[in-house]
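Residue numbers (our numbering): -5 to 562.
One structure is given here, and the rest of the page talks about it.
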């Protein structure tokens, strides 16, 4: 943990007030060692930060979470030393918690009385000496419109204006300028792909338009107890931080974490669970996910029930030890759809996490967090990267508490995405809307052509009116995507098509600029037991196609020549 010495004369005062907290912890006054145990809540390492108060004594602290890199959110006030139980510190904390809860305050900075006036002046607040010596209130200039005494002594609460005063309501009257995120939160999706939420994860004095690649393993500390906010790239890196900020903005999450691959993301996510826990999962999942569940997670004592979540009653599978529901929608490769809202209601009713792999539709077409999911998974290699040139994975969370737990895990297991790969994904995301619109148009044309082909027995694409899942997809997504699966009349024809296409490569993966054909039984689902594959409809006659952004007519012409040459 980094501890920074902060006094009323330090430049960090202004930094704290307007930019929140970038390092692990601030101590107001002297450098103070923090207790290893945090009031019975577990090891100190589980918490991102603590602000020490009460004039150099570690009596109490604020638990801080990181909604996204460079931003700290103080969640609650709590004692550090149990021996203070029932004493002054305990009473002061109880009063503080009560007042904070009543006001619905999310962002709080606390300091000792002797630095109150200087802190107020630095932060643009008015120090009000007219109240009782043991009570203080906070208001913005020019007049004390709001008086809310804080019933504890001798500390005061300084509430950051974004949460205490609504900038939309009081901005013109009091000259309050909201943070950039307030003014940018209604940006369109395409704009967010380029600018994220309108804020940078770090300050770049060069003015570079493209996010720099910080290809550095470690970062210099100005002195003992001070940090730039970046220490070691396993923990965080500025390039990765910017990418995570953009992805969180696209999904509407509190935080996003970037990993070395989609499977690395899922592996880290499963570390949230313990031996004896039970998860309900969609039966038709990506083969790599099924392999992880069967060969790694089950070995570690986690059990699974595989369910057709779009058709079966999920509640019948819930046990006392069930902790989460895991979905893909659409599924890989059979394009099955599940109503996320309905499953979210079940999960909420039983206190379960809802995890949704959103790789196939991407946040451009579907945002599961807005539909009730708690966690979203992505293989960033696919649509987000979009160029088949790097691997990446993401976890996006709705809860800052979940973000804290996952950031501890990524720091511990070391699977965070490298700077150059982060830059490649950032570059790919900039064209996400344009690519997906074109790819979806191609997929719709190819699906229509396949439906007319007498050698094709089934086409699985959510955008075909009247088919299973069409209405569900329309209700929760803004598009149908560019993935489709089809079944041909024989295994021999399937193998022939894979060999004879000239323009469309036979290759594993999806979501890139190139159209790709995949043979699930030997590629994506090769490790899935045959009985399980067949139960999901994955036979030796099934092909999966990821539509790219080539000219539609060229793709159809290539498929036509491959089909027509069979038996010739």
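Idealized CB from N, CA, C, for every residue including glycine.
These numbers were taken from a predicted model, which means no experiment stands behind them.
Suppose the cutoff is 7 Å on Cβ atoms and the five residues either side in sequence are ignored; what does the same chain contact list for residue 271 look like? Along the chain shown, read from residue 1 onward, the residue named residue 271 stands at position 277. Only 296, 315 and 317 meet the Cβ criterion.
Separation of residue 218 from residue 425, as counted between CA atoms: Against the chain shown, residue 425 aligns to sequence position 431. Against the chain shown, residue 218 aligns to sequence position 224. Between residue 425 and residue 218, the C-alpha separation is close to 43 Å.
Grouping DSSP H, G and I as helix and E and B as strand, with all else coil, what is residue 188? If you number the chain shown from 1, residue 188 lands on position 194. DSSP places residue 188 in helix when its eight states are reduced to three.
Please report the straight-line C-alpha distance between residue 69 and residue 249, rounded to a whole angstrom. The residue labelled residue 69 in the question sits at position 75 within the chain shown. The residue labelled residue 249 in the question sits at position 255 within the chain shown. Low confidence applies here, because residue 69 scores a pLDDT of 38, under 50, leaving its location unreliable; read the following figure in that light. Residue 69 and residue 249: Cα-Cα distance of roughly 15 Å.
Using a 10 Å radius around the Cβ and a threshold of 16 neighbouring Cβ atoms, would you call residue 209 buried or exposed? Translated into the one-based positions of the chain shown, residue 209 becomes position 215. Looking at its Cβ environment, which holds fewer than 16 other Cβ atoms inside 10 Å, residue 209 is exposed.
Measuring straight from C-alpha to C-alpha, what distance separates residue 204 and residue 336? Locating residue 204 in the chain shown gives position 210, counting from the first residue. Locating residue 336 in the chain shown gives position 342, counting from the first residue. Roughly 41 Å separates the two Cα atoms.
Residues sharing a beta bridge with residue 477, DSSP: By 1-based counting over the chain shown, the position of residue 477 is 483. DSSP output for residue 477 lists 540 as bridge partner(s).
Counting only the same chain and skipping the five closest in sequence on each side, list residues whose C-beta sits under 6 Å from that of residue 435. Residue mapping note: residue 435 aligns to position 441 of the chain shown, counting from 1. Excluding residues within five positions, none has a Cβ falling inside 6 Å.
Taking contact to mean at least 3 C-beta pairs separated by less than 8 Å, is the region 359 to 368 in contact with the region 405 to 423? no
The beta strand (DSSP E) with residue 552 in it runs from where to where? Within the chain shown, residue 552 is the residue found at index 558, counting from 1. Here residue 552 belongs to no beta strand (DSSP E); instead the alpha helix (DSSP H) covers 546 to 558.
Determine the burial state of residue 459: buried for a count of at least 16 other Cβ atoms within 10 Å of its Cβ, exposed for fewer. Sequence index remark: in the chain shown, residue 459 carries index 465 (1-based). So residue 459 ends up on the exposed side.
Can you check DSSP and say which residues form a bridge with residue 369? By one-based count along the chain shown, residue 369 stands at place 375. DSSP, once it has assigned bridges, lists 349 and 391 as partnering residue 369.
Whose C-alpha, out of 230, 326 and 239, is nearest the C-alpha of residue 276? On the chain shown, position 282 is the one that residue 276 refers to. Checking every option, the nearest Cα to that of residue 276 belongs to 326.
Inter-residue Cα distance where the pair is residue 549 and residue 440: Taking the first residue of the chain shown as 1, we reach residue 549 at position 555. Taking the first residue of the chain shown as 1, we reach residue 440 at position 446. Taking the straight line from one Cα to the other gives about 8 Å.
Alpha helix (DSSP H) segment containing residue 435, residue limits: For the purposes of this step, residue 435 is taken as residue 441 along the chain shown, with counting starting at 1. Counting along the chain, the alpha helix (DSSP H) containing residue 435 begins and ends at 426 to 446.
Segment contact, 8 Å Cβ cut-off, at least three pairs: the region 286 to 305 with the region 236 to 254: no
Which first and last residues belong to the beta strand (DSSP E) in which residue 252 is found? Residue mapping note: residue 252 aligns to position 258 of the chain shown, counting from 1. 249 to 253 is the span of the beta strand (DSSP E), which, as asked, contains residue 252.
Which residues does DSSP list as the beta-bridge partners of residue 410? Here residue 410 corresponds to residue number 416 of the chain shown, with the count starting at 1. According to DSSP, which records beta bridges pairwise, residue 410 is partnered with 253.
Residues bridged to residue 226 [DSSP beta-bridge criterion]: Locating residue 226 in the chain shown gives position 232, counting from the first residue. Per DSSP, 212.
Pick from 229, 561, 320 and 329 that is closest to residue 338, judged by C-alpha positions: Walking along the chain shown from the start, residue 338 turns up at place 344. With distances taken between Cα atoms, residue 338 lies closest to 320.
Assuming contact is defined by CB atoms lying nearer than 8 Å, are residue 446 and residue 543 in contact in what I supplied? On the chain shown, position 452 is the one that residue 446 refers to. On the chain shown, position 549 is the one that residue 543 refers to. Cβ atoms of residue 446 and residue 543: not closer than 8 Å.
Can you check DSSP and say which residues form a bridge with residue 452? Numbered from its first residue, the chain shown carries residue 452 at position 458. Answer is 481.
Across which residues does DSSP place residue 318 in a beta bridge pair? Here residue 318 refers to the residue found at position 324 of the chain shown. BP columns for residue 318 point to 273 and 347.
Taking 8 Å as the threshold (C-beta atoms), are residue 478 and residue 329 in contact? Start at 1 with the first residue of the chain shown, and residue 329 comes out as number 335. Start at 1 with the first residue of the chain shown, and residue 478 comes out as number 484. For residue 329 and residue 478, yes; Cβs fall inside 8 Å.
Residue 279 by DSSP, collapsed to three states: which one? Position 285 of the chain shown, counting from 1, holds the residue named residue 279. Three-state result, residue 279: coil.
So for residue 416, helix, strand or coil by DSSP? Position 422 of the chain shown holds residue 416. Residue state, collapsed to three classes: helix.
Residue 371 and residue 263 closer than 8 Å at C-beta: Numbered from its first residue, the chain shown carries residue 371 at position 377. Numbered from its first residue, the chain shown carries residue 263 at position 269. For residue 371 and residue 263, yes; Cβs fall inside 8 Å.
Under a three-way DSSP split, which group does residue 511 fall into? Here residue 511 refers to the residue found at position 517 when the chain shown is read from its first residue. Correct three-state label for residue 511: strand.
Count the other CB atoms, across all protein chains shown, that sit within 10 Å of the CB of residue 243; report buried if there are 16 or more and exposed otherwise. If you number the chain shown from 1, residue 243 lands on position 249. Buried.
Quick check on the burial criterion: 16 or more other C-beta atoms within 10 angstroms. Buried or exposed for residue 414? Taking the chain shown and counting its residues from 1, one reaches residue 414 at position 420. The residue in question, residue 414, is exposed, as its Cβ has fewer than 16 Cβ neighbours within 10 Å.
Would you grab the beta carbon distance between residue 245 and residue 361 for me? Rounded to a whole angstrom, and I think it's under 8 Å. As a first step, residue 245 must be located in the chain shown, where it is residue number 251. As a first step, residue 361 must be located in the chain shown, where it is residue number 367. Rounded, the Cβ-Cβ distance is 6 Å, consistent with contact.
Under 8 Å, do residue 537 and residue 488 count as touching if we go by C-beta distance? Here residue 537 refers to the residue found at position 543 of the chain shown. Here residue 488 refers to the residue found at position 494 of the chain shown. Their beta carbons are under 8 Å apart, which means residue 537 touches residue 488 by this criterion.
Starting from the C-beta of residue 332, find all residues in its chain whose C-beta is less than 6 Å away, skip the five residues before and the five after it, and write them out in chain order. Position 338 of the chain shown, counted from the start, is the residue given in the question as residue 332. 303, 304, 321 and 323, listed in sequence order.
Excluding the 5 residues preceding and the 5 following residue 286 in the sequence, name in chain order all residues of the same chain whose CB lies nearer than 8 Å to its CB. Numbered from 1 along the chain shown, position 292 holds the residue referred to as residue 286. So the list reads 257, 260, 261 and 264, once near-sequence residues are dropped.
Counting along the chain, where does the beta strand (DSSP E) carrying residue 297 start and finish? Stepping through the chain shown from its first residue, residue 297 is reached at position 303. From DSSP, the beta strand (DSSP E) with residue 297 extends over 297 to 301.
Should residue 519 be labelled buried (16 or more other beta-carbon atoms within 10 Å of its own) or exposed? Taking the first residue of the chain shown as position 1, residue 519 is located at position 525. Burial call: buried.
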